[in-house]
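Engineer: These protein sequences, in sequence, are chains A and B. Letter by letter, the first sequence follows residues 169 to 524 in the numbering used here. Letter by letter, the second sequence follows residues 169 to 524 in the numbering used here. Built from N, CA and C at the ideal position, the CB exists for glycine as well. Before I ask anything, here is the structure I am working with.
Number of protein chains: 2
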Amino acid sequence: MGTTTDDTPAPVPAERLQRFIARILQAVDLPPADAASVAELMTRADLIGADGHGVFRLPQYARRIRNKGINVRPNIRLVSEKAAMALVDGDNGMGHLVMRFAAETAMKKAKGAGVAWVGVRASNHAGPASLYASMPLAQDMIGLYLAVGNANHLPPWGGIDMLLSTNPLAVAVPTQDEPPIVLDMATTVAAYGKVKTKAQRGETMPEGWMIDRQGKPLTDPKRADEGFLVPIGGYKGYGLALIIGLLAGTLNGAAMARETVDFNKDEVTKTNTGQAVVAIDLAAFGPVDDFKRRVDDVARQMRGSARLPGVERIWLPGEQSHGKRQHRSKQGIPLPAPLRRQLDALATELKVEPLS
Amino acid sequence: MGTTTDDTPAPVPAERLQRFIARILQAVDLPPADAASVAELMTRADLIGADGHGVFRLPQYARRIRNKGINVRPNIRLVSEKAAMALVDGDNGMGHLVMRFAAETAMKKAKGAGVAWVGVRASNHAGPASLYASMPLAQDMIGLYLAVGNANHLPPWGGIDMLLSTNPLAVAVPTQDEPPIVLDMATTVAAYGKVKTKAQRGETMPEGWMIDRQGKPLTDPKRADEGFLVPIGGYKGYGLALIIGLLAGTLNGAAMARETVDFNKDEVTKTNTGQAVVAIDLAAFGPVDDFKRRVDDVARQMRGSARLPGVERIWLPGEQSHGKRQHRSKQGIPLPAPLRRQLDALATELKVEPLS
Chain A
169 MGTTTDDTPA PVPAERLQRF IARILQAVDL PPADAASVAE LMTRADLIGA DGHGVFRLPQ
229 YARRIRNKGI NVRPNIRLVS EKAAMALVDG DNGMGHLVMR FAAETAMKKA KGAGVAWVGV
289 RASNHAGPAS LYASMPLAQD MIGLYLAVGN ANHLPPWGGI DMLLSTNPLA VAVPTQDEPP
349 IVLDMATTVA AYGKVKTKAQ RGETMPEGWM IDRQGKPLTD PKRADEGFLV PIGGYKGYGL
409 ALIIGLLAGT LNGAAMARET VDFNKDEVTK TNTGQAVVAI DLAAFGPVDD FKRRVDDVAR
469 QMRGSARLPG VERIWLPGEQ SHGKRQHRSK QGIPLPAPLR RQLDALATEL KVEPLS
Chain B
169 MGTTTDDTPA PVPAERLQRF IARILQAVDL PPADAASVAE LMTRADLIGA DGHGVFRLPQ
229 YARRIRNKGI NVRPNIRLVS EKAAMALVDG DNGMGHLVMR FAAETAMKKA KGAGVAWVGV
289 RASNHAGPAS LYASMPLAQD MIGLYLAVGN ANHLPPWGGI DMLLSTNPLA VAVPTQDEPP
349 IVLDMATTVA AYGKVKTKAQ RGETMPEGWM IDRQGKPLTD PKRADEGFLV PIGGYKGYGL
409 ALIIGLLAGT LNGAAMARET VDFNKDEVTK TNTGQAVVAI DLAAFGPVDD FKRRVDDVAR
469 QMRGSARLPG VERIWLPGEQ SHGKRQHRSK QGIPLPAPLR RQLDALATEL KVEPLS
């Protein structure tokens, strides 16, 4: 496809990006099947517009793997299981592999028991929360995903010690004709990635994203290290982040609070990341099509609401990602020039065929 | 105990309040065992300081029951079940009875399957969310509770049609020596009850609680009918309210969105309230005491954080309710004079022995 200008590379077709990611991961010694599996999930992240969670993470993953911070031959295994639950030890493997296994386990068990909850420890960063919440959709199941984030940017409400991450929550609900309803949210007003983007662009943050150590609004993203993210709804978001951390971390014997390893600053220490996925089989509750039609109806009620002045459209959770996926599947995935250069340098370093 | 002044009645001992509630409920024809069961849960709400969800609701419940809006001889039954789930039809009985049955069913199933999810339809208002999330604590289980609220005060993000309720979420996590961690939150910045309290007191609301139909801050609680509650984190809180509604309402065949009956304005129509409770058996995940000790440790890390200027103490979710329960168990439950008069009038009307 070449480049449109020096600074704006042409979008990359998804299959080409996926093959590139797989080549890089194989070059750092992931087995071919695992490399392909991770590459597929990372590309899916880029397709839905989760730009901070797809190929953007590849250089970081490659460094961590080469530093032996991730185990490329993990023995991902069940530590315990019952009819409706399992606890998975990821053996410090790539988070994508651990979570795919966990989601598949949850779906298999939910098929029998109606509902299943699978917790994970010794995992790693696995990309956007919605990936794993969405896996059960294909089997007419609702999916939930909870995770302990890999860096603490949030103090308890009223505090200034950063003891919590922006612990995300995702829920995906099947529909009939509407795009699936997929909520994917951090428990802070802004995710930390958005702060980094503002800093890169030299922009100011709106009040409400961060506060400084005096509790005053912090709007200069270059000073982000001097402050903290603000949780949604104040003490409510703090409570949510804490509870998600207990459910996805502590319950599974994974890192939480002070144990959390900042994977941006430390590329060697095992993160012992905790995650959880829940699958709810619609068929256990009643006729599947009937449920899906009623969800469609609810979605249309929301979209059809009268609007505030200046609001052009009401969105359902996941609707914009769905649109992006359709667009990018056809038009390719846009990669900013600096990322493209990073990926080229990585390819050169690892002596693999570059992206372009 | 008498009254301390004409306007501030003395606090009422919990057992006395509970017996009074039971008398009223029997007088409107609830069977004695059911009346006692509901009275115990309503009193528990007052003990933990959920003042808008305990005896405060008794006159409203009594009116609805006398209007045949609630079935006093419900056949609360399982519509479907699998190893880890059940769907309960509450037959339009008192929500407390339906939810107690649902929570007990969830615990029983979780004991076998590790985790269980029980959904409910044809239920009614059941008091504070934390009551049912907390029931599994006694069996060393984590509890979750989701509900569709009984009045819509929230439009979709960007909209002005009130299609959603402040759908609450509660999660309770067992501890060793610390008070249990119990998050109980509406998905709006302020619950509607807080707006009503401000109006009663003639106070102004802070900006951020409500907006008017132009999207401007609404701070006069007497104008509450002209505006809407603001969801936590903007579109995130809208997404949460929607998802909770789908999980607790639509999945169970209960009311959601336009189907929601405003139980403050309509005291006759069946509400078809939807709720869900989840129980997670700690023993399935590992040694119970070890988990509880680690939760204690996390709680102490939060409380021990350095604090923002002016902050005296960092609270854990549920810690203040826990303190209130201890205090009110000994000192009694304070009831404002207007509520006390309402309860006296109700007793006279139903010819039962009054509270004092």
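State buried or exposed for Asp352 of chain B, treating a residue as buried only when at least 16 other CB atoms are found within 10 Å of its CB.
Structural biologist: By the neighbour-count rule (16 or more Cβ atoms within 10 Å), Asp352 of chain B is buried.
Engineer: Using only CA atoms, which one of B:Arg381, B:Ile379, B:Gln382, B:Pro389 lies nearest to Met373 of chain B?
Structural biologist: It is B:Pro389 whose Cα lies nearest to the Cα of Met373 of chain B.
Engineer: Select from the segment 381–408 of chain B all residues with a C-beta closer than 9 Å to any C-beta belonging to chain A, and list them in chain order.
Structural biologist: The segment 381–408 of chain B vs chain A, Cβ under 9 Å: Arg381, Gln382, Gly383, Pro399, Ile400, Gly401, Gly402, Tyr403, Lys404, Gly405, Tyr406, Gly407, Leu408.
Engineer: Counting only beta-carbon atoms, is Ala452 of chain B nearer than 8 Å to chain A?
Structural biologist: By this cut-off, Ala452 of chain B is an interface position.
Engineer: Taking the beta carbon of Arg391 of chain B as the centre, do at least 16 other beta carbons fall within 10 Å, making it buried, or is it exposed?
Structural biologist: So Arg391 of chain B counts as exposed.
Engineer: Hey, could you find the ends of the alpha helix (DSSP H) Glu346 of chain A is sitting in?
Structural biologist: Where Glu346 of chain A is concerned, there is no enclosing alpha helix (DSSP H), given that its DSSP letter is neither H nor E.
Engineer: Taking Trp285 of chain A as the query, report the chain B residues whose CB atoms sit under 7 Å from its CB, ordered along the chain.
Structural biologist: Going along chain B in sequence order, the residues near Trp285 of chain A (Cβ under 7 Å) are Val283, Ile448.
Engineer: May I ask you to check if the CB of Ile233 of chain A is nearer than 7 Å to at least one heavy atom of the ligand NAD?
Structural biologist: The ligand NAD is not among the ligands present in this structure, which contains no ligands whatsoever.
Engineer: Looking at the structure shown, is Phe431 of chain A part of a helix, part of a strand, or coil, going by DSSP?
Structural biologist: Three-state result, Phe431 of chain A: coil.
Engineer: Please go through the same chain and pick out, in chain order, the residues whose beta-carbon is closer than 7 Å to the beta-carbon of Gln194 of chain B, but skip the five residues on each side of it.
Structural biologist: Hits under 7 Å: Pro200, Ala203.
Engineer: In terms of residues, what are the limits of the alpha helix (DSSP H) holding Leu450 of chain A?
Structural biologist: No alpha helix (DSSP H) contains Leu450 of chain A, which DSSP labels as neither H nor E.
Engineer: Hey, is Thr171 of chain B's beta-carbon within less than 8 Å of any beta-carbon in chain A?
Structural biologist: Here the model assigns Thr171 of chain B a pLDDT of 43, short of 50, so the residue's position is not dependable and the matter cannot be decided.
Engineer: Leaving out five residues before and five after Thr172 of chain A in sequence, what residues of the same chain have Cβ atoms less than 8 Å from its Cβ?
Structural biologist: With a pLDDT of 46 at Thr172 of chain A, under the threshold of 50, the predicted position of this residue should be treated as unreliable, though the coordinate-derived value follows. So the qualifying residues of the chain are Ala178.
Engineer: For the segment 290–336 of chain A, which segments carrying the beta strand (DSSP E) assignment without a break, of at least 3 residues, lie completely within its bounds, in sequence order?
Structural biologist: Correct list: 309–315.
Engineer: To test your reading of the DSSP string, which unbroken alpha helix (DSSP H) runs of 4 or more residues are found completely within the segment 364–440 of chain B?
Structural biologist: Listed in chain order, the complete alpha helix (DSSP H) runs (minimum 4 residues) inside the segment 364–440 of chain B are 403–416.
Engineer: For a cutoff of 8 Å on Cβ pairs, would you count Asp329 of chain B as touching chain A?
Structural biologist: With 8 Å as the cut-off, Asp329 of chain B counts as an interface residue toward chain A.
Engineer: Name the residue from B:Ile412, B:Leu332, B:Gln344 whose alpha carbon lies nearest to the alpha carbon of Leu397 of chain B.
Structural biologist: Among B:Ile412, B:Leu332, B:Gln344, the Cα nearest to that of Leu397 of chain B is on B:Leu332.
Engineer: Is it right to say Lys236 of chain A is buried, meaning 16 or more other beta carbons lie within 10 angstroms of its own, or is it exposed?
Structural biologist: Exposed is the call here.
Engineer: Apart from the five residues just before and just after Thr334 of chain B, which ones in its own chain have a Cβ nearer than 8 Å to its Cβ?
Structural biologist: Correct list, in chain order: Gly317, His321, Leu322, Ala354, Thr355, Thr356, Ala359, Tyr360, Leu397, Ala409.
Engineer: Start and end of the beta strand (DSSP E) containing Ala254 of chain A?
Structural biologist: First-last of the beta strand (DSSP E) with Ala254 of chain A: 253–257.
Engineer: Apply the 10 Å Cβ neighbour rule to Ser205 of chain A and answer buried if 16 or more other Cβ atoms are within range, or exposed otherwise.
Structural biologist: Looking at its Cβ environment, which holds 16 or more other Cβ atoms inside 10 Å, Ser205 of chain A is buried.
Engineer: Contact defined as beta carbons within less than 8 Å: I believe Trp325 of chain B pairs with Pro399 of chain B. What is the distance between those atoms, to the nearest angstrom?
Structural biologist: Contact flag correct, Cβ pair sits at about 7 Å.
Engineer: What is the DSSP secondary structure of Glu272 of chain B, reduced to helix, strand or coil?
Structural biologist: Residue state, collapsed to three classes: helix.
Engineer: Kindly say whether Gly311 of chain A, judged by its beta-carbon, lies nearer than 8 Å to any beta-carbon of chain B.
Structural biologist: No, no contact with chain B.
Engineer: List the residues of chain B whose Cβ lies closer than 8 Å to the Cβ of Lys492 of chain A, in chain order.
Structural biologist: Correct list: empty, because the minimum Cβ distance to chain B is about 16 Å.
Engineer: Which same chain residues, not among the five before or five after Val436 of chain B, have their C-beta less than 6 Å away from its C-beta?
Structural biologist: Asn235, Gly237.
Engineer: State the start and end residues of the unbroken beta strand (DSSP E) segment that holds Val247 of chain B.
Structural biologist: Residues 245–250.
Engineer: Should the segment 343–352 of chain B be regarded as contacting the segment 452–462 of chain B, the criterion being three or more beta carbon pairs within less than 8 Å?
Structural biologist: Cβ pair count under 8 Å is three or more, so yes.
Engineer: Mind checking if Arg426 of chain B is an interface residue toward chain A, Cβ cutoff 8 Å exclusive?
Structural biologist: So yes, Arg426 of chain B belongs to the interface.
Engineer: For chain A, find out if any of its Cβ atoms is closer than 8 Å to the Cβ of Ser333 of chain B; answer yes or no.
Structural biologist: False, the Cβ-Cβ gap to chain A never drops below 8 Å.
Engineer: Mind pulling the chain B residues with CB within less than 9 Å of Ser248 of chain A?
Structural biologist: By Cβ distance, chain B contributes Gly282, Ala452, Phe453, Gly454.
Engineer: Using DSSP's beta-bridge definition, name the partner residues of Ala354 of chain B.
Structural biologist: BP columns for Ala354 of chain B are empty, so no partner.
Engineer: I need the boundaries of the alpha helix (DSSP H) containing Arg234 of chain B, first residue and last residue.
Structural biologist: Taken as a continuous stretch (DSSP letters only), the alpha helix (DSSP H) holding Arg234 of chain B covers 226–234.
Engineer: Between the Cα of Leu476 of chain B and those of A:Lys492, A:Phe188, A:Pro385, spot the shortest distance and give me the residue it belongs to.
Structural biologist: That would be A:Pro385, whose Cα lies nearest to the Cα of Leu476 of chain B.
Engineer: Taking C-beta pairs closer than 7 Å, name the residues in chain B that Arg475 of chain A reaches, listed in chain order.
Structural biologist: Under the 7 Å cutoff, chain B gives Gly326, Gly327, Ile328.
Engineer: Rounded to whole angstroms, what's the CA-CA distance from His221 of chain A to Pro502 of chain A? Just pull it up for me.
Structural biologist: Taking the straight line from one Cα to the other gives about 14 Å.
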